[in-house]
Amino acid sequence: ELDNKPAYQIIKTNSGRIWCGSRGKVFLVSGRRIEKILGLHEGIPDASITVLSLDRSGRLWLGTSSHGVGMYDGGNTVTWWTVRDGLPSDWIHSIAEDEQRRLWVATREGVTQWNGVSFEGIRTPESLLKNIAVSVIIPGDSGRIWFGTHNGIYEWKDSVLQHLTYEDGLSADGVRCGMF
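Going by this note's numbering, 99 is the number at position 22 of the sequence shown; the sequence numbering is gapless.
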């Protein structure tokens, strides 16, 4: 059933179809018709779907403003993970897959990585990304991952985290979105 709720996020598939996330529903649009609707029956919570990401295996990853991360693999239901399953926060800001096929999730309380079974935080000696709202994740080349935060940009490469701020030449410390 369609309703008049705004789409918070859209993403294009390799075949040209569009996934749209709204409050409590995810739609798959093909041309000018709705091909599939995922809702409460398929496990979509009554929460805003604010992040959509497709991995190289074709799975659709969903981020919400209050219910964690969901994964839809084309079956009949969506599988969900929350803080009880190892996420730093249930408020998801960004989901991205890097060139090594690692899935990264940015939350309002830090970054986590999917290991194929569960989520685990990245380990840095300084724990610099713990309890920091990470707004965006941008996978780079040669194993680099960039994290945009309210306190500048962090670059992760070879288990080393570098921090760039206004003092290093950024126009401001706050980074909310990005694209490579």
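Positions of the beta carbon are idealized from the N, C-alpha and C atoms, including for glycine.
Just so it is clear, the structure is predicted and the values come from calculations on it, not from any experiment.
Scanning its chain for C-beta atoms nearer than 6 Å, with the 5 sequence neighbours on each side dropped, one finds around Leu115 the residues Val103 and Ile121, in chain order. Separation of the CB atoms of Ile215 and Trp233 is rounded to 11 Å, and the pair is thereby denied contact status at 8 Å. Between Lys113 and Pro165, the C-beta spacing is not below 9 Å. In the three-state scheme derived from DSSP, where H, G and I count as helix and E and B as strand, His144 is classed as coil. Contact between the region 189-198 and the region 236-252 is absent: fewer than 3 CB-CB pairs across the two stretches fall below 8 Å.
Counting the other Cβ atoms within 10 Å of the Cβ of Thr154 gives fewer than 16, which makes it exposed.
Under the DSSP definition of a beta bridge, Gly120 lacks any partner. The beta carbons of Leu180 and Asp150 sit about 13 Å from each other, so the pair does not count as a contact at 8 Å. The residues Arg94, in chain order, have a CB closer than 6 Å to that of Ser107 in the same chain once the five nearest residues on each side in sequence are set aside.
Take the alpha-carbon of Ser125 and the one of His170: they are about 12 Å apart.
By the 16-neighbour rule on beta-carbons within 10 angstroms, Val252 is buried. Between the C-alpha atoms of Leu139 and Val128 there is a straight-line separation of about 6 Å. In this structure, the straight-line span from the alpha carbon of Ser219 to that of Val160 is close to 31 Å.
For Ala173, the enclosing beta strand (DSSP E) starts and ends at Ile169 to Glu174.
Checking the DSSP bridge columns, you'll see Gln190 partnered with Trp181 and Glu197.
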